[in-house]
Amino acid sequence: MHPNSEYRKASRERNLEFAERRGFAVLAVGGENAGQLPLVSHIPFILTDDGATAHAHLVRSNPIAQCLRAGERKAVLAVSGPDAYVSPDWYAGVADQVPTWNYVAVHLRGTLRLRPEDTLRAHLDALSARFEEELRPKPPWRTTKVAPERLAALMRAIVPIELAIETLDGTWKLNQNKTDEARLCAAEHVASDSFGQESALLAELMRGAHKVR
-15 MHPNSEYRKA SRERNLEFAE RRGFAVLAVG GENAGQLPLV SHIPFILTDD GATAHAHLVR
45 SNPIAQCLRA GERKAVLAVS GPDAYVSPDW YAGVADQVPT WNYVAVHLRG TLRLRPEDTL
105 RAHLDALSAR FEEELRPKPP WRTTKVAPER LAALMRAIVP IELAIETLDG TWKLNQNKTD
165 EARLCAAEHV ASDSFGQESA LLAELMRGAH KVR
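Put into structure tokens, the structure is as follows:
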């Protein structure tokens, strides 16, 4: 993530709120030996109420799950938000600029470990409840809609995990280092002309960049 302190002013609470809202991230664990590539998985997750722990699950055959059988590991949960390309031509009244990419991202770092398997059902219920809530007024789906033997078979294929969060870094790169005129002009172009993921949402955040705290 960009090291400029201008993009690192969001509070811990706002970064956690962002991560909780997204609920999907890249989990990365370092290789055991020098030269070994990191282990990476894309997973949904939920945070505990105090924001101290992330709960998730992995397919039992996942290499990360397999390495956790030997003990806990240091890991990072990288949560990506909206992003978009920004052309230098979009900065009103500002010369000698170069292309860039604006984005929001939060990294949760800490110790990853397996959870007791008897916590799995409660985790799955909490996870589905979290995301089904976003679909209201649709009646929420629940695990009770799955035949017990089918649910038991599916649960045997996965394992619950948790990341004890030790540090948190958030980057909100929204052109805060530009004049208001340049930033707002770029935001309008990001909303209508750019490409990336959720560029309309990114443009909205750029318009309110002075409120990122």
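Position 95, counted from 1, in the sequence shown is what this note's numbering calls 79; the numbers after and before it change by one each time, with no gaps. In this text, a Cβ means the ideal position worked out from N, Cα and C, and glycines have one as well.
Strand pairing of residue i, partner residues [DSSP]
i: residue 12; result: 24, 60
i: residue 142; result: 43
i: residue -6; result: Paired residues: none, contrary to the question.
Residue i, buried or exposed, once every other Cβ within 10 Å from all chains shown has been counted against 16
i: residue 260; result: Residue 260 cannot be examined here, being either before or after the span of the chain that is shown, -15 to 197.
i: residue 161; result: exposed
i: residue 144; result: buried
i: residue 187; result: buried
i: residue 157; result: buried
i: residue 65; result: buried
Which of helix, strand or coil DSSP assigns to residue i
i: residue 189; result: helix
i: residue 99; result: coil
i: residue 66; result: strand
i: residue 74; result: helix
i: residue 31; result: strand
i: residue 158; result: coil
Residue closest to residue i, alpha-carbon to alpha-carbon, out of the options
i: residue 5; options: 111, 129, 84, 172; result: 111
i: residue -6; options: 20, 154, 14, 34; result: 154
i: residue 22; options: 48, 130, 35; result: 48
i: residue 167; options: 74, 55, 51, 20; result: 74
i: residue 125; options: 134, 115, 132, 133; result: 115
i: residue 91; options: 189, 149, 108; result: 149
i: residue 8; options: 25, 20, -4, 180; result: 25
Cβ shell of residue i (< 8 Å), same chain only, five flanking positions each side left out
i: residue 164; result: 194
i: residue 58; result: 13, 14, 93, 94, 95, 96
i: residue 100; result: 144
Cut-off 7 Å between Cβ atoms - residues of its own chain near residue i, not counting five sequence neighbours on either side
i: residue 84; result: 70
i: residue 72; result: 81, 82, 83
Cβ shell of residue i (< 6 Å), same chain only, five flanking positions each side left out
i: residue 208; result: Examination of residue 208 is not possible in this model, given that the chain is present from -15 through 197 alone.
i: residue 184; result: 175
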